[in-house]
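Structure, as structure tokens:
Okay, structure coming up:
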């Protein structure tokens, strides 16, 4: 009898380790076509941003004056020899400048989100976990920042600190990061707080307390991982907002300093020639649009993947 | 060591409370190993005059009102009563897990193995939870974190309290899973809760509760969420493991059948108070409180005529905001007299030695004999 049992057990195939919730979400993500389109666009953008200077035909600030003069002091049109997307009126290669703009955009995208996570998640977690007075104080602070006009706040900050060390570092970009991050964290803070409030009451948190898990571990190991889904989605969907905010600021002349080029400042420079040389506006606009579409599709896909219950309900 | 002995008279519980839990535990363990005994007080748990109130906008809800009881070493005590009578709040109070706000333990003392739990700092209390007092919750489906593996969650308490190495902890987790009857335990450590059935998850919860060899397990309706066959298995498991480890169990249930099968003694609670207490045999053979009769009478019986309605106790339990100074069961009691409306009866002794009931009618001079 005993030998029989062991023989049977030996034949039982070892079960394949089932994927955890995160891997399952990833599986759902890659089955979503739009999300894949978004992912490809984002990867392309990342590639341009990281390797842009190496693949760019020209350095972004170099002027091909001879070519411009040969063209009667007008910007070169697309598909000119040596300048596949043409040049601006100073003879700078548009593709190279767009690639440098990609670098600025992804830096904005990720550094701003890092600032937002760094401020928003702890503020929301503290408010949600402690509740009461802490909650009240932190949430009123976020209300104040939420109520203040974003662009006005960013412009004020940028102007006020323009001549300081912070204002000058990274070609003027650091200040833009900080300014956009400072107005952006409130959404994530509120979201995190809401997640904490909902999860704090769950029984597995009570069970964790009942076996003497410390508060810090309950927050970091039990609450945050469970509430992470919506936060990740909000952050991904916050990236296009940040890119757009930077482009807007650059368009009105705040942020990146010449000769560096952000997509927003390229549009702003190009619009003087919008009737005769529309490519100077169209290409940066297309780049901005593709980047925004990429992150938005990816964010939507992540939302569906991380919260399967939502699927088909929209 | 000798000094510690002098400072801390181990058998003399109330004077210990000034020290931190660690000191007390260490000193007690030394004392215990010298004396060769596993106990430090007459009873493992002595709850005295415990009152837990909830401060709500509508008023103060006296969820648990002046409750006293003991749990002996290795004993299984049942706490029975209908929903909202204060059973769960009593257990939460013992573990000091009453949600605050709105709840607060307003008076009383809870001596656990000679330590007054209500005087411990939150940090010392946290160290005690899970290590000395295990907790089994009602609903195993929601009591496990869906994003963490089973192995991690069982190990959580072990890592927190026992300081084992990763390898030793893993061995212990596997051993615990095997103890609670999970097949192929080593393969299942990295599984997530959704891969376990309800009964298996409750087994995991039991493994978590037992993971640090606690002296007491608070089991708050451990089988309510499970179907009847799984219920029987889980109860059998709790019974077997508690006797194997000599763990005392405070079993909270509204199911008298479970209480009769599992417990040594039973407390019947009603409206925040204990209304009758006794050994299982005396209480079920000779209940001395109309509420207990009603509870026993409301059980479905195998010889019930098909189609008959189930018997119930008429009426509802009183609101626990400012309860009247009268017998709380009075309004629902078929034997009520004026004396029941004028004052509240005390818990007084009945025939058996450990048998107490809170009823004027069944007192020696009462009108029910």
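Chains as they are written, first to last, in the working numbering: chain A, 110 to 423; chain B, 98 to 466.
We put the CB at the ideal spot given by N, CA and C, even for glycine.
Which chain A residues are close to residue i, counting only those with a beta carbon under 8 Å from its beta carbon?
i, result
"residue 145 (chain B)", "Per Cβ cutoff of 8 Å: no residues; residue 145 (chain B) is ~23 Å from chain A at best."
"residue 232 (chain B)", "316, 319, 320"
I'd like to know whether the C-beta atoms of residue i and residue j end up nearer to each other than 9 Å.
i, j, result
"residue 345 (chain A)", "residue 407 (chain A)", "yes"
"residue 414 (chain B)", "residue 425 (chain B)", "yes"
"residue 347 (chain A)", "residue 302 (chain A)", "no"
"residue 243 (chain B)", "residue 335 (chain A)", "yes"
"residue 454 (chain B)", "residue 382 (chain B)", "no"
"residue 335 (chain B)", "residue 359 (chain B)", "yes"
"residue 183 (chain B)", "residue 165 (chain B)", "no"
"residue 207 (chain A)", "residue 164 (chain A)", "no"
"residue 365 (chain A)", "residue 280 (chain A)", "yes"
"residue 393 (chain A)", "residue 372 (chain A)", "yes"
"residue 438 (chain B)", "residue 449 (chain B)", "no"
"residue 401 (chain A)", "residue 263 (chain A)", "no"
"residue 149 (chain A)", "residue 355 (chain A)", "no"
"residue 215 (chain A)", "residue 154 (chain A)", "yes"
"residue 393 (chain B)", "residue 191 (chain B)", "no"
"residue 144 (chain A)", "residue 414 (chain A)", "yes"
"residue 169 (chain B)", "residue 194 (chain B)", "no"
"residue 429 (chain B)", "residue 391 (chain B)", "yes"
"residue 323 (chain B)", "residue 331 (chain B)", "yes"
"residue 379 (chain B)", "residue 351 (chain B)", "no"
Please classify residue i: does DSSP put it in a helix, a strand, or coil?
i, result
"residue 156 (chain B)", "strand"
"residue 315 (chain B)", "strand"
"residue 386 (chain B)", "coil"
"residue 441 (chain B)", "coil"
"residue 165 (chain B)", "strand"
"residue 468 (chain B)", "Missing from the structure shown is residue 468 (chain B); chain B here goes from 98 to 466 and no further."
"residue 165 (chain A)", "coil"
"residue 463 (chain B)", "coil"
"residue 232 (chain B)", "strand"
"residue 330 (chain B)", "helix"
"residue 363 (chain B)", "strand"
"residue 133 (chain B)", "Annotation note: pLDDT 40 at residue 133 (chain B) (below 50); position unreliable, coordinate value reported separately. Here residue 133 (chain B) sits in coil by DSSP."
"residue 154 (chain A)", "helix"
"residue 202 (chain A)", "strand"
"residue 261 (chain B)", "coil"
"residue 53 (chain B)", "Residue numbering for chain B in the displayed model covers 98 to 466; residue 53 (chain B) lies beyond these limits and cannot be assessed."
"residue 344 (chain B)", "coil"
"residue 411 (chain B)", "coil"
"residue 228 (chain A)", "helix"
"residue 289 (chain A)", "helix"
"residue 446 (chain B)", "strand"
"residue 149 (chain B)", "strand"
"residue 454 (chain B)", "strand"
"residue 194 (chain B)", "coil"
"residue 484 (chain B)", "Given that chain B is displayed from residue 98 to residue 466, the structure contains no residue 484 (chain B) and the question cannot be resolved."
"residue 315 (chain A)", "helix"
By the criterion of Cβ-Cβ separation under 8 Å, what are the contact partners of residue i in chain B?
i, result
"residue 321 (chain A)", "223, 224, 225, 226, 227, 228, 254, 257, 258"
Within the present structure, is the beta-carbon of residue i separated from the nearest heavy atom of the ligand SAH by less than 8 Å?
i, result
"residue 368 (chain A)", "Absent from the structure shown: the ligand SAH. Ligands present: none."
Along chain B, in chain order, which residues have C-beta atoms closer than 9 Å to that of residue i?
i, result
"residue 384 (chain A)", "Under the 9 Å cutoff, chain B gives no residues; its nearest Cβ is about 57 Å from residue 384 (chain A)."
Give me the chain A residues within the contact set of residue i, using Cβ-Cβ distance strictly less than 7 Å, ordered along the chain.
i, result
"residue 241 (chain B)", "313"
"residue 335 (chain B)", "Residues of chain A passing the Cβ test: none, with the nearest at roughly 16 Å."
"residue 236 (chain B)", "312"
"residue 305 (chain B)", "320"
"residue 244 (chain B)", "130, 334, 335"
Anything in chain B within Cβ reach of residue i, meaning under 7 Å, just list it in chain order.
i, result
"residue 331 (chain A)", "242"
Against chain B: residues of the region 334 to 350 of chain A by CB proximity under 8 Å = 334, 335
task = With 9 Å as the limit, tell me which residues of the region 192 to 209 of chain B have their beta carbon closer than that to any beta carbon of chain A; keep them in chain order.
result = 192, 194, 196, 198
message = Tell me whether the region 297 to 305 of chain B and the region 267 to 284 of chain B touch, counting them as touching only if at least three CB pairs, one residue from each stretch, are closer than 8 Å.
response = yes
task = Please determine if the region 196 to 212 of chain B and the region 364 to 380 of chain B are in contact, where contact requires at least 3 C-beta pairs separated by less than 8 Å.
result = Short answer: they don't touch.
key: Against chain A: residues of the region 430 to 460 of chain B by CB proximity under 8 Å   = Answer in chain order: no residues at all.
ask   = How do the region 282 to 301 of chain B and the region 246 to 263 of chain B stand: do at least 3 beta-carbon pairs fall below 8 Å, yes or no?
value = yes
request  = Quick one: which residues of the region 289 to 300 of chain B get their C-beta closer than 7 Å to a C-beta of chain A? List them in chain order.
outcome  = Per Cβ criterion, the list reads 289, 292.
inquiry  = Taking 8 Å as the cut-off, does the region 390 to 406 of chain B touch the region 210 to 225 of chain B (at least 3 CB pairs, one atom from each stretch)?
reply    = no
query = Are the region 182 to 202 of chain A and the region 268 to 275 of chain A touching by the rule of at least three beta carbon pairs closer than 8 Å?
reply = no
Cβ contact check for the region 225 to 245 of chain A and the region 324 to 340 of chain A: 3 or more pairs under 8 Å = yes
task = Pair every Cβ in the region 169 to 178 of chain A with every Cβ in the region 221 to 232 of chain A, then say whether three or more of these pairs are closer than 8 Å.
result = no
query = Does the region 281 to 296 of chain A come within contact of the region 215 to 226 of chain A, defined as at least 3 CB pairs closer than 8 Å?
reply = yes
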